[in-house]
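Visitor: In the order they appear, the protein sequences are chains Z and E.
In this text, residue positions in the first sequence follow the working numbering: the first is 2, and each later residue adds one.
In this text, residue positions in the second sequence follow the working numbering: the first is 1059, and each later residue adds one.
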Amino acid sequence: MTATESIKIEKPPKGASIPAKKGIKKAILGIFKKALETESLDALIIPVKVPETESYAWVLLKDTALLENADPLPPVMTIQGGKVLSDLTKHGKINKNIAAVLRPCETRAAVELFKLKQLHFENISLISIDCPGAIPLSEYLAEPEKSEKSFGNVLDKWDGDDSVREICKTCYRFSLPTLTNAPASDLHIGLSGNTKDDVVLIPVTSKGEKILEKLDLKPESSLQKWETKIKEIKKIKSQRRKEFNHDFKTNISGPEKFTAVFDGCINCHNCQSVCPICYCQQCYFDSATTKLSSEDYFRRAKERGALRFPLDTMLFHLGRMSHMALSCVSCGACEDGLPHVHFRISGLQPRRRADPASIQLYPGNK
Amino acid sequence: MSDVLKIKKPVEEGITEFLKYLLEKNKVNGKFSQLLPKYWEAAKNSEVLPSLRPTCTACEHFVPALADIIVSVAGNKNLTEECSLHLNTSKGEELAQGAPGNKTTEKLNDRELSKLKELRQKEREKLFASVKDKNLGLAGMVKTFAPCLSCHGCRQVCPICFCTLCDFDSKTQEDKPSHYESELQQKGGARIPSGTLYFHTGRMIHMAVSCVNCGMCSDVCPVDIPVATLFSMVGESLQKLFDYLPGKDLEEPAPCETFIENEFAGLGE
Ligand code: SF4
Ligand code: SF4
Ligand code: SF4
Ligand code: SF4
Ligand code: SF4
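Given below as C-alpha cells:
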C-alpha cells in the first residue's frame, strides 16, 4: 500500500504513445477531454488561463468547455499544486473520481502533505508531467508574451534556455523519480525529449493503469528513447545542482553572509504562506506568543543598544527552516512569492535569496 | 578607527555629490542611487516625482499633522542649508528644550505645501480614474484579482489589519470537499483556492474606513495587483460618507465604534 492507496506496478516497461501532430499540449488535453467525456474521470484539477488576463488559476473542472483554456504545463507556477490539492481534501475525502495534473515538485508536495495529514488521497489520482521548469512569476507578469515565447523555447529544447527560475535550472527531479522507486504519481506524462511527435503516458500504479484501460489506451510502446533522454538531462541538471550548492554554500556560510541574505526581509511571511509544506493554520511566528510586552522590547534594546523592527526576522527564517526543511520539495514557490519590493529597492539584478530548497534533505527520491 | 572622507557641504548636498560621483565613475549601478538626488530635488521644489509609488504620487496628507516634531522637507527651499524641526506639540517642545540650534517662530511654508497638495490631488484624480473602470465593479474586480495567489501578504503588511488570526485564514473559511462537489455539480467547475474575491472584499469592508493610503499592500504583492490604489479609492469614498479622515485625530472615534440610530436611514429605501 502506498501513500496514494494504490498498488505500485512492477517496473513499467512500456507506455502508451499518443501522437502529437498539433502540439504536445493539444494531445494531452485531447486525452483529458476523452477521459471526461467517457466518464473515466469525474473531474480534473488543472491550471487554466483566466480569460482576458495574463494569469493562470487552478480549476477543478468537469465541463469540457473549460478545458479550452486549460494548460497541463503553464509557463509559470502560480499557486503550488500540492497546496491546491490540500485545499480540496484537507477536511476529508472527496467523493468523485478526480485526477490532478501536477509538476513533479507539486506531486511531491502533495505526498508530503498527505504524510502530514493535510490531504486525503482517496479517489484522487496524481498525473505528473515531465517539467522543463517555470518562468519566474515576476518576469512573466512584466512581459507575458515574451515569457510565453521563451517558455515555448524551453519546451522545445529542454535544457537550452536559461529563462526558467534558478531553482528549476538545477532541478534534477523534473521527471518520474525513478521507474523502480516509490511512485510519486499514478500516471506520468513523458514528453519524449526533443522529439515532439508524441507524448507517452506511463502507468506507474494500478490507479494509473486503470485510467489507461478505461481510455482504451494500451501501454505497448517502448520507453527507451524517453528514458535515455531523461537520463541525459538529469545528468546535466544534477551536475549543475552540485555546482550551485557549492557556490551557494560559499556565499551564505557564516552568520554575516547568512544574515545579509535576509537583510531586505520585510517580515511579510509571504514565503511561508505560499509554501505548500508550511501548512499550519496559524504559524507560530504570527502567534501572540511572539509578541512581547513593551518592557521586553526596552530590555532588549538596552542590552543591544538598538533594536531593529520588525523583530526576529532571522528567528522566523531559521525557525521555519527547522520546521519544514526536511519536507522542502525544492519547488521555488517561496522565491516566486517574494514581494517585488526586494528588486525595486535594490534596482539590482534579483538577488539570490535564501533558498531552503537547496538543503538536500528530501528523502523521497534521492 | 577608520578613514573619514570629509566633504565640506551640508549633509544632503554632500551625499548627493558623492552619489553623483559614484554614478559617473560607474562605481555603483541601480536605480535607487540615481533616484535619490532626484528625490530630494523634488521634495525641495514641491514637485511630484513620477517614479514614486502610485499611492505616494497621489497622497495629499503628507504633512504629519499629529506629530510632536515635524521635520520640514516638502517645499523647503533651505533644505540643503539647514534642518528645521517644527515643534508641533508641547511634548515636542519639551523634547527640544535645551537642544543645540537656534529657536525661531515660523510656520510651515503654506504656499509651497498647498502647491504640492494641488499637484498630488490632480495625480489622485488621474490615478483613481485610471483604475475606476478597469479594476472596479464585479467584472473589473474579477479580472484585477485573477492573478492573486491568496498569499494574504497584503493583509499581513497592512498596519490596519491587526488581527492575530485573520478570519480569512481561519478554519471557518476552509471549504469542505462537499462544497467543491456541489460547485462541480452546479457550475461544471470551481477555482481552488476558493474565495479570493471574498477575501479582498471582506478585508475591504473590515478596514477600508481606516485605510491610511500607505501603499504597503501594493508593495508587497508578488503579482503586482494595485491593491493600495483600490483600497485607498474605496476607503476614501467610505471615509467621505462618515466625514472621517483616519489618523487625523486621537479623540475622534472610529466609525465602526460609533453607533448612531437611523444613520443612513435613506439607504435601501
Ligand atoms: S522545481 Fe522547477 S523544474 Fe523542478 S519540477 Fe518544479 S517547476 Fe519543474
Ligand atoms: S517573503 Fe521575503 S520579505 Fe517576506 S518574510 Fe519571506 S523573506 Fe521576508
Ligand atoms: S520552502 Fe520554498 S522551495 Fe521549499 S517547499 Fe516551501 S515554497 Fe517550496
Ligand atoms: S498580496 Fe497580492 S497576491 Fe497576495 S493576497 Fe494580496 S493581492 Fe493576492
Ligand atoms: S494602503 Fe490601506 S489597505 Fe493598503 S496597507 Fe496601507 S492602510 Fe492597509
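By construction, the Cβ of each residue, glycine as well, lies at the ideal position given by its N, Cα and C atoms.
Could you have a look at V201/Z and say whether DSSP puts it in helix, strand or coil?
Guide: The residue given as residue 201/Z occupies position 200 in the first sequence. DSSP places V201/Z in strand when its eight states are reduced to three.
Visitor: Using only the alpha-carbon positions, how far apart do G265/Z and Q1092/E sit?
Guide: Working through the first sequence from its first residue, we reach residue 265/Z at position 264. Working through the second sequence from its first residue, we reach residue 1092/E at position 34. Rounded to the nearest angstrom, the two C-alpha atoms are 19 Å apart.
Visitor: Which residues does DSSP list as the beta-bridge partners of S18/Z?
Guide: Residue numbering aside, residue 18/Z sits at position 17 when the first sequence is read from its first letter. For S18/Z, which the question treats as bridged, DSSP gives the partners V201/Z.
Visitor: Any idea what DSSP makes of G1253/E, helix, strand or coil?
Guide: Here residue 1253/E refers to the residue found at position 195 of the second sequence. It is coil, neither helix nor strand.
Visitor: Secondary structure at S1188/E, three-state DSSP: helix, strand or coil?
Guide: The residue labelled residue 1188/E in the question sits at position 130 within the second sequence. Reduced to three states, the DSSP call for S1188/E is helix.
Visitor: Compute the distance between the beta-carbons of V200/Z and A135/Z, then report whether it is under 8 Å.
Guide: As a position in the first sequence, residue 200/Z is number 199, starting the count at 1. As a position in the first sequence, residue 135/Z is number 134, starting the count at 1. Result no, Cβ atoms of V200/Z and A135/Z do not sit closer than 8 Å.
Visitor: Look up P48/Z in the DSSP assignment and give the residues it is bridged to.
Guide: Here residue 48/Z is taken as the residue at index 47 of the first sequence, counted from 1. Paired residue(s): W59/Z.
Visitor: Would you report the Cα separation of N1160/E and N1146/E, rounded to the nearest angstrom?
Guide: Counting from one through the second sequence, the residue named residue 1160/E turns up at place 102. Counting from one through the second sequence, the residue named residue 1146/E turns up at place 88. Computed Cα separation, rounded: 16 Å.
Visitor: List the residues of chain Z that K1229/E touches, going by C-beta distances under 8 Å, in chain order.
Guide: For the purposes of this step, residue 1229/E is identified with residue 171 of the second sequence, where counting begins at 1. What K1229/E touches in chain Z: Q282.
Visitor: How about the segment 54-69 of chain Z and the segment 13-28 of chain Z: do they share at least three Cβ pairs that are nearer than 8 Å?
Guide: No, the segment 54-69 of chain Z does not touch the segment 13-28 of chain Z.
Visitor: Suppose contacts are defined by Cβ-Cβ distances below 8 Å. Is P1108/E in contact with P340/Z by that definition?
Guide: The count along the second sequence starts at 1 and reaches residue 1108/E at position 50. The count along the first sequence starts at 1 and reaches residue 340/Z at position 339. For P1108/E and P340/Z, no; Cβs fall outside 8 Å.
Visitor: Taking just the CA atoms, how far does R104/Z sit from I130/Z?
Guide: As a position in the first sequence, residue 130/Z is number 129, starting the count at 1. As a position in the first sequence, residue 104/Z is number 103, starting the count at 1. Their Cα atoms are separated by approximately 6 Å.
Visitor: What are the boundary residues of the beta strand (DSSP E) that V102/Z is part of?
Guide: One-based indexing of the first sequence puts residue 102/Z at position 101. Residues 99-103.
Visitor: Tell me the DSSP secondary structure of L1174/E in three-state form.
Guide: Counting from 1 along the second sequence, the entry for residue 1174/E is found at position 116. Helix, per DSSP.
Visitor: Following a CB-centred definition, is G1211/E positioned closer than 7 Å to any heavy atom of ligand 4?
Guide: Counting from 1 along the second sequence, the entry for residue 1211/E is found at position 153. Answer for G1211/E: yes, Cβ within range of ligand 4.
Visitor: Below 7 Å on C-beta distance, what does L1207/E contact in chain Z?
Guide: In the second sequence, residue 1207/E corresponds to position 149, counting from 1. In chain order: T79, I80, V275, G338.
Visitor: Could you compute how far the alpha carbon of K292/Z sits from the alpha carbon of G338/Z?
Guide: Along the first sequence, read from residue 1 onward, the residue named residue 292/Z stands at position 291. Along the first sequence, read from residue 1 onward, the residue named residue 338/Z stands at position 337. So the alpha carbons of these two residues sit roughly 25 Å apart.
Visitor: Looking at I1283/E and ligand 4, is the gap between the Cβ and the nearest heavy atom below 7 Å?
Guide: To locate residue 1283/E, count along the second sequence from 1; it is residue 225. It does: the Cβ of I1283/E is within 7 Å (strictly closer) of some heavy atom of ligand 4.
Visitor: Should T1162/E go down as buried or exposed, given a rule of 16 or more other Cβ atoms within 10 Å for buried?
Guide: Residue mapping note: residue 1162/E aligns to position 104 of the second sequence, counting from 1. Exposed: under 16 other Cβ atoms inside 10 Å.
Visitor: Quick check on H270/Z - is its C-beta less than 8 Å from some C-beta in chain E?
Guide: If you number the first sequence from 1, residue 270/Z lands on position 269. So yes, H270/Z belongs to the interface.
Visitor: Against chain E, does N70/Z count as a neighbour if the rule is that its beta carbon must be under 8 Å from one of theirs?
Guide: For the purposes of this step, residue 70/Z is taken as residue 69 along the first sequence, with counting starting at 1. Not one chain E Cβ lies under 8 Å of N70/Z.
Visitor: List the residues of chain E that A36/Z touches, going by C-beta distances under 9 Å, in chain order.
Guide: The count along the first sequence starts at 1 and reaches residue 36/Z at position 35. What A36/Z touches in chain E: nothing, since even the nearest Cβ is about 15 Å away.
Visitor: Does the CB of T314/Z have a neighbour CB from chain E at under 8 Å?
Guide: Walking along the first sequence from the start, residue 314/Z turns up at place 313. Chain E contact via Cβ: absent.
Visitor: Contact defined as beta carbons within less than 8 Å: I believe H62/Z pairs with A100/Z. What is the distance between those atoms, to the nearest angstrom?
Guide: Here the question's residue 62/Z lines up with position 61 in the first sequence. Here the question's residue 100/Z lines up with position 99 in the first sequence. In the sequence as displayed, the identity of residue 62/Z is Leu instead of His. L62/Z to A100/Z, Cβ: 11 Å. No contact.
Visitor: Apart from the five residues just before and just after P1313/E, which ones in its own chain have a Cβ nearer than 7 Å to its Cβ?
Guide: Walking along the second sequence from the start, residue 1313/E turns up at place 255. Hits under 7 Å: V1267, F1300, Y1302.
Visitor: Which complete alpha helix (DSSP H) runs does the segment 1229-1307 of chain E hold, if anything under 4 residues is left out?
Guide: Listed in chain order, the complete alpha helix (DSSP H) runs (minimum 4 residues) inside the segment 1229-1307 of chain E are 1235-1245, 1254-1265, 1274-1278, 1285-1299.
Visitor: Kindly indicate which residue of A326/Z, E336/Z, P133/Z has the alpha-carbon position closest to the one of Y173/Z.
Guide: The residue given as residue 173/Z occupies position 172 in the first sequence. The candidate whose alpha carbon is nearest that of Y173/Z is P133/Z.
Visitor: Given a limit of 8 Å on CB to CB distance, which residues of the segment 1254-1281 of chain E reach chain Z?
Guide: Those would be D1277, V1278, C1279, P1280, V1281, in chain order.
Visitor: Looking at the secondary structure, which residues open and close the alpha helix (DSSP H) in which I32/Z lies?
Guide: The residue labelled residue 32/Z in the question sits at position 31 within the first sequence. Counting along the chain, the alpha helix (DSSP H) containing I32/Z begins and ends at 25-38.
Visitor: Excluding five sequence neighbours on each side, which residues of the same chain lie with their C-beta closer than 6 Å to the C-beta of A1154/E?
Guide: Taking the first residue of the second sequence as 1, we reach residue 1154/E at position 96. Excluding positions up to five away in sequence, the list reads L1145.
Visitor: Specify the secondary structure class of S1142/E as computed by DSSP and reduced to three states.
Guide: For the purposes of this step, residue 1142/E is taken as residue 84 along the second sequence, with counting starting at 1. Reduced to three states, the DSSP call for S1142/E is coil.
Visitor: Going along chain E, which residues have a C-beta under 8 Å from S56/Z?
Guide: Translated into positions along the first sequence, residue 56/Z becomes position 55. Residues of chain E passing the Cβ test: A1204, P1205, V1281.
Visitor: Considering only residues of the same chain and omitting the five flanking positions on each side of Y1097/E, which have a CB-CB separation below 8 Å?
Guide: Residue numbering aside, residue 1097/E sits at position 39 when the second sequence is read from its first letter. For Y1097/E, where only same-chain residues beyond five positions count, the Cβ hits under 8 Å are L1107.
Visitor: Within 8 Å, do at least three Cβ pairs link the segment 1247-1265 of chain E to the segment 1196-1206 of chain E?
Guide: The segment 1196-1206 of chain E vs the segment 1247-1265 of chain E: in contact.
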